[in-house]
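*Asks:* Chains as they are written, first to last, in the UniProt record's numbering: chain A, 1 to 286; chain B, 1 to 146.
Every residue gets a Cβ at the ideal spot worked out from N, C-alpha and C, and that includes glycine.
In this text, all values refer to a predicted model and were calculated from it rather than measured experimentally.
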């Protein structure tokens with residue numbers, strides 16, 4: 001009876017009840033010298049490029065949690081609609097939920113209009129949502145797709161600003177990837193050249209940035225067709241343990257070979273045993 | 001969450017100030033803090049929101065509606081928002097008993113949120129809440145007896 005919330009019906013959405021308590025706990029923990037657990041981020045390299053017939057999106061596949069790799073092969077290219085895909089950098093949960101919500105909303109919208117959704121619609125929905133939460137949703141996205149007006153590529157920042165450009169990079173490895181783009185991008189490339197360019201840009205991010213690593217995923221979107229290449233390129237191969245004698249991969253065989261220990265003498269003593277009593281007990285398998 | 005937001009209507013709101021509701025001291029019938037019903041008060045808790053987004057989220061739907069009505073008034077004249085607000089009022093009254101969940105279908109259809117999904121549908125869904133409000137207290141509060 002001592003709270004107002006008892007009298008009014010409970011509403012959905014974000015609940016800020018525990019914010020003060022969390023702030024107090026954080027202050028206490030910091031005073032003791034420890035640090036609270038960090039959210040899982042995708043310190044990432046994501047990029048996209050517009051070529052002659054469509055859009056190529058690329059991403060690495062490492063998810064970090066502080067200084068530890070949390071996921072060696074996570075998928076950062078999210079589905080928004082059959083002709084629109086979105087790469088996400090920043091807090092992993094935020095990018096997942098944001099893209100899923102926008103994907104659902106876009107599906108409902110396209111059912112209600114009866115048309116294939118446009119990339120600009122997805123862009124506007126994303127930027128309005130991210131601005132509403134003033135950057136507290138840490139999702140930096142590269143949105144690309146092909147609709148009735150042609151191929152489009154947008155980059156969306158966590159605070160809600162967007163840029164419409166022919167080539168974009170986001171994430172902690174964005175500078176390395178942008179260096180490759182600035183050197184080799186030219187308008188109206190062919191598909192193979194565009195895929196090679198994106199692959200090299202992501203590889204630059206993987207090899208020069210600690211937050212990016214593992215494989216390179218590509219997504220090629222053209223009018224009416226989407227190629228989701230996962231993995232397109234395994235840039236960082238993990239070593240395979242091999243057994244020296246047989247030459248095929250064996251996981252940790254620690255047995256010694258026959259003849260390692262020399263045999264000096266051998267005596268065989270047979271034991272004469274006779275059966276005294278035999279007792280059979282059936283198992284109750286009912 | 002309304003996916004079509006009225007961002008240009010903001011300019012018409014510059015002169016009016018947005019009321020800060022919900023964080024004022026919980027004044028009871030006699031103007032002072034009603035300790036029995038609202039609990040102890042603390043100046044720090046009342047003055048500042050616990051999170052920068054708390055205020056803006058609490059008033060988000062209200063502000064959106066305000067802005068939309070303002071734009072509608074500028075485009076179509078005063079009659080349009082008046083008629084719509086009358087319909088909103090009627091739809092808002094279609095509720096069940098105070099402690100029972102209501103689908104708010106008419107209100108959602110009027111607002112256009114019946115074909116959008118936002119955080120209020122995913123997080124903290126009142127249908128899935130583990131606790132229920134006390135029926136007696138809630139009806140008394142609604143009838144004004146409390």
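Comparing alpha-carbon positions, which option in A:32, A:222, A:76 lies nearest residue 44 (chain A)?
*Replies:* Of the candidates A:32, A:222, A:76, the one whose C-alpha sits nearest the C-alpha of residue 44 (chain A) is A:76.
*Asks:* Pull out every residue of the segment 100-124 of chain B whose Cβ sits closer than 9 angstroms to any Cβ of chain A, in chain order.
*Replies:* Flagged, chain order: 100, 101, 102, 115, 116, 117, 118, 119, 120, 121, 122, 123, 124.
*Asks:* Between residue 175 (chain A) and residue 156 (chain A), is the Cβ-Cβ spacing less than 8 angstroms?
*Replies:* No, the pair does not count as a contact, with Cβ atoms beyond the cut-off.
*Asks:* Per DSSP, residue 221 (chain A) forms a beta bridge with which residues?
*Replies:* In DSSP, residue 221 (chain A) forms a bridge with A:55, A:226.
*Asks:* In terms of residues, what are the limits of the beta strand (DSSP E) holding residue 151 (chain A)?
*Replies:* Residue 151 (chain A) -> beta strand (DSSP E) spans 150-156.
*Asks:* Rounding to the nearest angstrom, what Cα-Cα distance links residue 236 (chain A) and residue 124 (chain B) in this structure?
*Replies:* Going from the Cα of residue 236 (chain A) to the Cα of residue 124 (chain B) covers about 41 angstroms.
*Asks:* Run through chain B and tell me which residues come within less than 9 angstroms of residue 19 (chain A), C-beta to C-beta.
*Replies:* The answer, in chain order, is 49, 50, 51, 54.
*Asks:* What residues match up with residue 99 (chain A) in a beta bridge as DSSP calls it?
*Replies:* None, per the DSSP bridge assignment.
*Asks:* Entirely within the segment 107-194 of chain A and at least 4 residues each: give me those alpha helix (DSSP H) ranges in chain order.
*Replies:* Listed in chain order, the complete alpha helix (DSSP H) runs (minimum 4 residues) inside the segment 107-194 of chain A are 119-132, 174-184.
*Asks:* What in chain B is Cβ-close to residue 112 (chain A), meaning under 8 angstroms?
*Replies:* In chain order: 115.
*Asks:* Kindly indicate which three-state DSSP category residue 277 (chain A) falls into: helix, strand or coil?
*Replies:* In the structure shown, residue 277 (chain A) sits in coil (DSSP, three-state: anything other than H, G, I, E or B).
*Asks:* Please determine, among A:149, A:140, A:96, the residue with the shortest C-alpha to C-alpha distance to residue 121 (chain A).
*Replies:* Checked all of A:149, A:140, A:96; the closest Cα to residue 121 (chain A) is A:149.
*Asks:* Quick one: does residue 161 (chain A) have its CB under 8 angstroms from some CB of chain B?
*Replies:* Not an interface residue.
*Asks:* Are there 16 or more other CB atoms within 10 angstroms of the CB of residue 15 (chain A), so buried, or fewer, so exposed?
*Replies:* Per the 10 Å Cβ criterion, exposed.
*Asks:* Hey, does residue 207 (chain A) have any beta-carbon neighbour from chain B nearer than 8 angstroms?
*Replies:* Not an interface residue.
*Asks:* Residue 15 (chain A) versus chain B: which residues are under 7 angstroms apart at the beta carbon?
*Replies:* Per Cβ cutoff of 7 angstroms: 124.
*Asks:* Would you say residue 130 (chain B) lies against chain A (beta-carbon separation less than 8 angstroms)?
*Replies:* No, its Cβ sits nowhere closer than 8 angstroms to a Cβ of chain A.
*Asks:* In terms of DSSP beta bridges, what is residue 289 (chain A) paired with?
*Replies:* Because residue 289 (chain A) is not part of the residues shown, which for chain A are 1 to 286, the question remains open.
*Asks:* Could you check how far apart the C-beta atoms of residue 57 (chain B) and residue 12 (chain A) are, in whole angstroms? I think they sit under 8 angstroms.
*Replies:* Not confirmed; about 11 angstroms, so no contact.
*Asks:* In three-state terms, what does DSSP make of residue 81 (chain B)?
*Replies:* Helix.
*Asks:* If you measure from the beta carbon of residue 57 (chain B) to each beta carbon in chain A, is any gap under 8 angstroms?
*Replies:* Yes, contact with chain A.
*Asks:* Going by the DSSP bridge assignment, what does residue 117 (chain B) pair with across the sheet?
*Replies:* Note: residue 117 (chain B) sits in no beta bridge, so no partner.
*Asks:* Under the three-state reduction of DSSP, which class applies to residue 127 (chain B): helix, strand or coil?
*Replies:* Looking at residue 127 (chain B) - three-state DSSP - the assignment turns out to be helix.
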